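Q: There's a structure below that I have some questions on.
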Amino acid sequence: MKQYIKQQILRIFGNKVKQLRISWGWSQESLGIRAGLHRTYIGSIERNERNISLLNVERIARALEVPVQLLITERKSLRMNDRDDKGALDQGAHAGSIYRTKEEQFAVIMPFLINALRKREKCLCIVENDTKNMIVDKLHKRGISADKCSQWGQFLFLFVEQVYLKNGHFDSESVVNIFKNLHQDALSEGFYGLRIIAEVTKRLIDSAGHKNFTQYEARLNYFFPGTKVTALDLYEEDAFNKEFLLNAVVLTHPKIFFYGRLVNNTYYKRPHILTGDGKYRSPADAYERIKAELLEKSTG
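By our numbering, the letter at position 138 of the sequence shown is numbered 138, and the numbering carries on one by one without gaps.
Here's what the structure looks like:
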């Protein structure tokens, strides 16, 4: 059985290498030069005649500009050929997701991550430990190893304290600088962009304060447009009061997911409105009304 599995992996790898090489318009010699390998070695891989070391797998993946996982897993098991609106946000997008259940939370997370794999973008996941474990498990069920993606450099898992509360308190300028540096790192590492998933917790907001965090979310809209960053902020509805959800999520995110459904957010406010003199006030008790209206116009 082990020998059969090994042969299947080699077959998949050889076929994927050949398909991608041809799609680039490269000869076996051209791919060999890019990977630092002889053309006959590439040929024997494509014919499934040779075992291959992990080092050479990584060399070939780097030359083809794809994650290792995409070369050793059947496309159908990755489930990356499905229509995927939840993951198909444009680069520079700043999206918020308000959810009630884990099912609704992951209905947005997983397409977002799968789309990043498809587009070869680096993923920064700032999440709680239980959410991280669920991401790892759900990727595994799709035939994707989060550990391998992390070793490859495509996934980076961090906790709230490592980003938002790095110095023991919330400093929005420090957070934005972290994102800027990771964006540049991702591009210099050969990725085509950076995806950020940020799980906003009650613990974080208690430390940052409602007004401070709302203004931080608004300021991000000065940074993201024009970059190759795509951001998704996660808010559990029951964890926060409605005024905060309206101000910090609905008014500050051009794109919104309500309960796993993407909506065109007509209530988004430009950042200067929320970061100016602080006189802007959202209508009293408006959250439920606005939510119902946006859900009615939902595309999900």
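In this text, a Cβ means the ideal position worked out from N, Cα and C, and glycines have one as well. For clarity, every value in this text was computed on a predicted model and none was experimentally measured.
Out of 135, 264 and 120, state which residue places its alpha-carbon closest to the alpha-carbon of residue 126.
A: Cα-wise, what sits closest to residue 126 is 135.
Q: Closest to residue 162 by CA distance: which of 233, 187 and 198 is it?
A: The shortest C-alpha separation from residue 162 is found at 198.
Q: Only counting the same chain, and skipping five residues up and downstream in sequence, which positions put a Cβ closer than 6 angstroms to that of residue 230?
A: Once the five neighbours on either side are set aside, the close Cβ partners of residue 230 are 89, 91, 93 and 195.
Q: Please list the terminal residues of the continuous beta strand (DSSP E) segment that includes residue 94.
A: From DSSP, the beta strand (DSSP E) with residue 94 extends over 94-99.
Q: List the endpoints of the continuous alpha helix (DSSP H) containing residue 306.
A: Residue 306 lies beyond the residue range present for the chain, which begins at 1 and ends at 300; the question has no answer from this structure.
Q: Could you have a look at residue 126 and say whether DSSP puts it in helix, strand or coil?
A: Looking at residue 126 - three-state DSSP - the assignment turns out to be strand.
Q: Let me check understanding here. Comparing Cα to Cα, which of 105, 150 and 131 lies closest to residue 117?
A: Considering only alpha carbons, the answer is 150.
Q: Go ahead and label residue 247 buried or exposed: buried means 16 or more other beta carbons lie within 10 angstroms of its beta carbon, across all protein chains shown.
A: Buried: at least 16 other Cβ atoms inside 10 Å.
Q: Looking at residue 183: is its Cβ nearer than 9 angstroms to the Cβ of residue 227?
A: Result yes, Cβ atoms of residue 183 and residue 227 sit closer than 9 angstroms.
Q: With 9 angstroms set as the bound, which would you pick, yes or no: does the beta-carbon of residue 146 sit closer than that to a beta-carbon of chain D?
A: Protein chains in the displayed structure number just one, and chain D is not present.
Q: Classify residue 293: buried if its beta carbon has 16 or more other beta carbons within 10 angstroms, exposed otherwise.
A: Classification of residue 293: exposed, given that the 10 Å Cβ count is below 16.
Q: Report the option in 174, 295 and 35 whose CA atom is closest to the CA atom of residue 56.
A: That would be 35, whose Cα lies nearest to the Cα of residue 56.
Q: Go ahead and pull the three-state DSSP assignment for residue 250.
A: Note: residue 250 maps to helix in three-state DSSP.
Q: Does DSSP put residue 147 in a helix, in a strand, or in coil?
A: It is helical.
Q: Residue 274: which of 256, 130, 45 and 217 sits nearest, CA to CA?
A: That would be 217, whose Cα lies nearest to the Cα of residue 274.
Q: Bridge partners of residue 258, per DSSP?
A: Paired residues: 98 and 261.
Q: How would you label residue 8, buried or exposed, when you count the other beta carbons within 10 angstroms and need 16 or more for buried?
A: Per the 10 Å Cβ criterion, exposed.
Q: Please find out if some non-hydrogen atom of the ligand FAD comes closer than 8 angstroms to the beta-carbon of residue 292.
A: Only the bare structure without any ligand can be found here, which leaves the ligand FAD out of the picture.
Q: How long is the line joining the alpha carbons of residue 75 and residue 282, rounded to whole angstroms?
A: Legend: pLDDT at residue 75 = 46, less than 50; position of this residue unreliable, value from coordinates given subsequently. Cα to Cα, the separation comes out at about 46 angstroms.
Q: With residue 142 and residue 66 assumed to form a contact (beta carbons below 8 angstroms), what rounded beta-carbon distance in angstroms separates them?
A: Not confirmed; about 16 angstroms, so no contact.
Q: Leaving out five residues before and five after residue 156 in sequence, what residues of the same chain have Cβ atoms less than 6 angstroms from its Cβ?
A: Counting only Cβ-Cβ distances below 6 angstroms, and skipping sequence neighbours, we find 124.
Q: When you compare only the Cα positions, how much space is there between residue 12 and residue 110?
A: Their backbone Cα atoms lie some 24 angstroms apart in a straight line.
Q: Residues bridged to residue 199 by DSSP?
A: DSSP output for residue 199 lists 234 as bridge partner(s).
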